[in-house]
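In terms of this note's numbering, the sequence shown opens at residue 59 and continues consecutively.
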Amino acid sequence: MILGTLLTIFLCFLPTWSRLPDELREDDSKCYQQQQCFHKSEDECPSPSDPCRCHQMTDCKNEVVCCDINDQNLKDQLRCGNLIQNEIEALHIRNATLEVLNLNLAEWKNLRSMAITDGRIKNVSEAFPKMTMVSCLNLSSNGIREFQKRSLFNLFSLSFLDLSHNNLTEVPNFKMDGAVTLDILGNPSIQCTSVRETFNKSKILFKNENSTYCSLAKKDFGWFDSKDKVAVSELRRAHELEHNCIKNCTCKPHSLTLGMAQPRVYTVAVDCPSSNLHSLPKPLPPYTIALDVSNNSISSLKELHDPSYKSLRILKADNNEITSIEPLEGTKFKINFELFSLRNNKIKNIDPYLLEFYRSSISVREVYLGLNELTCDCTTITDFKVLY
């Protein structure tokens, strides 16, 4: 009898127990989850009358929001929000006024997401404690001018770094074990030399790179002479050109082409003078429009038939050992060239078709064949004078 009664009671409560984990999961889904970036609106700030300017979220005990804190009360306010507890994983501080943000605080160590935004902070000093767990760090919209050199070195779990809308001139150094997304939008004085250094870290992804601009130092980036600022996406393109260029050559943007139906494209100039070349280099980078291979040991132009030469308009091959221009026949370069210079080679004869093509062309073309021992007759000597 007693056993039957206990069994009945157990069965009555079993449905309630079986629903309990689902209810807990539903509540947990509203709270901070790892791999997310924690951000709360100003409406979530403590009441202006509340002396404690940090509070845990009512429905999520692993989240803390702070507002209107300063150098004098920072530690006390963090303690008021129970930041020292290991269970706190997400923090957002809004409207902080700090002369210096000290990252070497024990309160940061167990955070997974840390945001300090929309405040007034001049500099960032010290380094995060070792083994700090922060994966998302958002320090946007504070007017930060400078990071101490090793401030971000202990963030081995970092996956997202938001430094947008500050006054930085350099991208701070940070170590990385995996891919990191970086946002530096709205730093008007950030230097392209510093941004370019980050390209050497292959796993950095720039957020908003088409609309993020950096300031140029013309002595370092001569190929953007007409600009004071350049988009990070354009800077990356130039860096990749140089990094992936043909061995013993340098590659740089030549000009910008704008099309109505196509995206804008940077054409490329490849320079390989005095590079001990015995043939024209191939393949050329896409959209190569200019090639300089002067002062080498090249003997033939046959590589002009390679598909990578289809955009070429300018070829300078002075001081080589080229013996014939016959390989021009059938190439796109013959139709489209703007400048063709073969001074001081070993050319003896020029087929009449080249001269006829040169004379009948509507476009302005430049051809230079000086210092070649050309054989000519009275009917061609006038044309040869033009080609020197």
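Every residue gets a Cβ at the ideal spot worked out from N, C-alpha and C, and that includes glycine. Remember, it's a predicted structure, so these values are computed and weren't measured experimentally.
### Query
By a C-beta neighbour count over all protein chains shown, 10 Å radius and 16 as the cutoff for buried, is Asp286 buried or exposed?
Counting from one through the sequence shown, the residue named residue 286 turns up at place 228. Classification of Asp286: exposed, given that the 10 Å Cβ count is below 16.
### Message
For a test of the three-state rule: what should DSSP assign to Arg77, helix, strand or coil?
### Response
Taking the sequence shown and counting its residues from 1, one reaches residue 77 at position 19. Note that Arg77 scores 33 on pLDDT, short of 50, meaning its location in the model is unreliable and no value can be drawn from it.
### Message
Helix, strand or coil, according to DSSP, for Pro311 in the structure here?
### Response
Working through the sequence shown from its first residue, we reach residue 311 at position 253. Shown here, Pro311 sits in a strand according to DSSP, grouped into three states.
### Message
The alpha helix (DSSP H) that contains Ala173, what's its start and end?
### Response
Translated into the one-based positions of the sequence shown, residue 173 becomes position 115. No alpha helix (DSSP H) contains Ala173, which is instead part of the beta strand (DSSP E) from Ser171 to Thr175.
### Query
What first and last residue would you give for the alpha helix (DSSP H) that runs through Leu390?
Translated into positions along the sequence shown, residue 390 becomes position 332. For the sequence presented, residue 390 should be read as Lys rather than Leu. Bounds of the alpha helix (DSSP H) holding Lys390 are Lys390 to Asn394.
### Task
Go ahead and pull the three-state DSSP assignment for Arg363.
Position 305 of the sequence shown, counting from 1, holds the residue named residue 363. Arg is not the amino acid found at residue 363; the sequence shown has His there. Helix at His363.
### Message
Just list the residues that DSSP pairs Tyr271 with in beta bridges.
### Response
If you number the sequence shown from 1, residue 271 lands on position 213. Ala289, per the DSSP bridge assignment.
### Query
Just checking, does the stretch 300-314 make contact with the stretch 265-277 on the three C-beta pairs under 8 Å criterion?
Not touching, per the Cβ criterion.
### Query
Can you tell me whether DSSP reads Thr325 as helix, strand or coil?
In the sequence shown, counting from the first residue as 1, residue 325 sits at position 267. Three-state DSSP puts Thr325 in a strand.
### Message
I believe Val238 touches Lys265 by the beta-carbon criterion, under 8 Å. Please report the beta-carbon distance rounded to the nearest angstrom.
### Response
One-based indexing of the sequence shown puts residue 238 at position 180. One-based indexing of the sequence shown puts residue 265 at position 207. At roughly 11 Å, the Cβ-Cβ gap does not stay under 8 Å, so Val238 and Lys265 are not in contact.
### Query
Do Phe391 and Val425 have their C-beta atoms closer together than 8 Å?
By 1-based counting over the sequence shown, the position of residue 391 is 333. By 1-based counting over the sequence shown, the position of residue 425 is 367. Cβ atoms of Phe391 and Val425: not closer than 8 Å.
### Message
So if DSSP puts Ser183 in a beta bridge, which residue, or which two residues, is it bridged to?
### Response
Indexing the sequence shown from 1 puts residue 183 at position 125. DSSP lists Asn160 as partners of Ser183.
### Task
Check whether the Cβ atoms of Thr270 and Leu243 sit closer than 8 Å, and answer yes or no.
The residue labelled residue 270 in the question sits at position 212 within the sequence shown. The residue labelled residue 243 in the question sits at position 185 within the sequence shown. Cβ distance < 8 Å, so Thr270 and Leu243 count as in contact.
### Query
alpha helix (DSSP H) containing Val238: first to last residue?
Position 180 of the sequence shown holds residue 238. Looking at the DSSP string, Val238 is not in any alpha helix (DSSP H); the run it does join, the beta strand (DSSP E), is Val238 to Asp241.
### Message
Based on DSSP bridge pairs, tell me the residues matched to Tyr426.
### Response
In the sequence shown, residue 426 corresponds to position 368, counting from 1. Beta-bridge pairing by DSSP links Tyr426 to Ser399.
### Message
Output needed for Ile304: all residues of its chain with C-beta closer than 6 Å, excluding positions within five of it in sequence on either side, in chain order.
### Response
The residue you call residue 304 lines up with position 246 of the sequence shown. So the qualifying residues of the chain are Pro339.
### Query
Taking 7 Å as the cut-off, is the CB of Tyr426 close to at least one heavy atom of the ligand COA?
Looking for the ligand COA in the displayed structure turns up nothing, as the structure carries no ligands at all.
### Query
Under 8 Å, do Asn162 and Ile146 count as touching if we go by C-beta distance?
Against the sequence shown, residue 162 aligns to sequence position 104. Against the sequence shown, residue 146 aligns to sequence position 88. Judged by beta-carbon spacing, Ile146 lies beyond the 8 Å limit of Asn162, meaning their Cβ atoms are not closer than that value.
### Message
Within the continuous beta strand (DSSP E) that includes Cys124, where are the two ends?
### Response
Within the sequence shown, numbered from 1, the residue matching residue 124 stands at position 66. Cys124 -> beta strand (DSSP E) spans Glu121 to Cys125.
### Message
Whole angstroms are fine: how far does the CA of Asp129 sit from the CA of Val122?
### Response
The residue labelled residue 122 in the question sits at position 64 within the sequence shown. The residue labelled residue 129 in the question sits at position 71 within the sequence shown. Roughly 19 Å between the two C-alpha positions.
### Minimum C-alpha distance to Lys119 - residue among Phe211, Phe205, Gln91 and Leu213
As a working mapping, residue 119 is identified with position 61 in the sequence shown. By alpha-carbon distance to Lys119, the top candidate from Phe211, Phe205, Gln91 and Leu213 is Gln91.
### Message
Between which two residues does the beta strand (DSSP E) holding Leu484 run?
### Response
Beyond the ends of the chain as shown, which are 59 and 446, falls residue 484; an answer cannot be given.
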